[in-house]
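Take a look at the structure below.
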Amino acid sequence: MVASEVEEVIKSVLAENEYRVIVKDIREKSLTSGTMGFRLIYGIKEDSVVIARLGMNSIRLTVILRNPLSNEKASQLEEDGWKIDVRDEETILSLRINNVQTEARYIWELLVKSLD
């Protein structure tokens, strides 16, 4: 599993932004790589959902927002590496970090920017 520091940072950012936090450990079987485990952290708030998937080799962050992003904010998030998908009534931000040793502070900054 990834360092607990990263998990704590994600839970902390969600709690500070008044998200209800749920943590689940998942085991998945694969035909090619056997059984893999990862931790899911959900943050739920009235108009948005955050999903963090912490695995052995990567961290995936997904933010689903009901409120549209300004063009300036969208550009800033894209510069930080977020992929943005605008649908009818929601905006989906997704980011994959392939280095699980990434500093917790960096992940904190990415999440804070996406939730502001």
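Numbering-wise (the working numbering), the sequence shown opens with residue 4 and increments by one.
Every residue, glycine too, gets a C-beta built ideally from N, C-alpha and C.
- A Cβ-Cβ separation of about 5 Å places residue 97 in contact with residue 65 under the 8 Å criterion.
- Assignment of residue 23 by DSSP, reduced to helix, strand and coil, places it in the strand class.
- Under the DSSP assignment, residue 51 falls in the beta strand (DSSP E) whose first and last residues are 51-57.
- If you draw a 10 Å sphere on the C-beta of residue 7, you find fewer than 16 other C-beta atoms in it, and that means exposed.
- In the DSSP assignment, residue 69 falls outside any beta strand (DSSP E), carrying neither H nor E.
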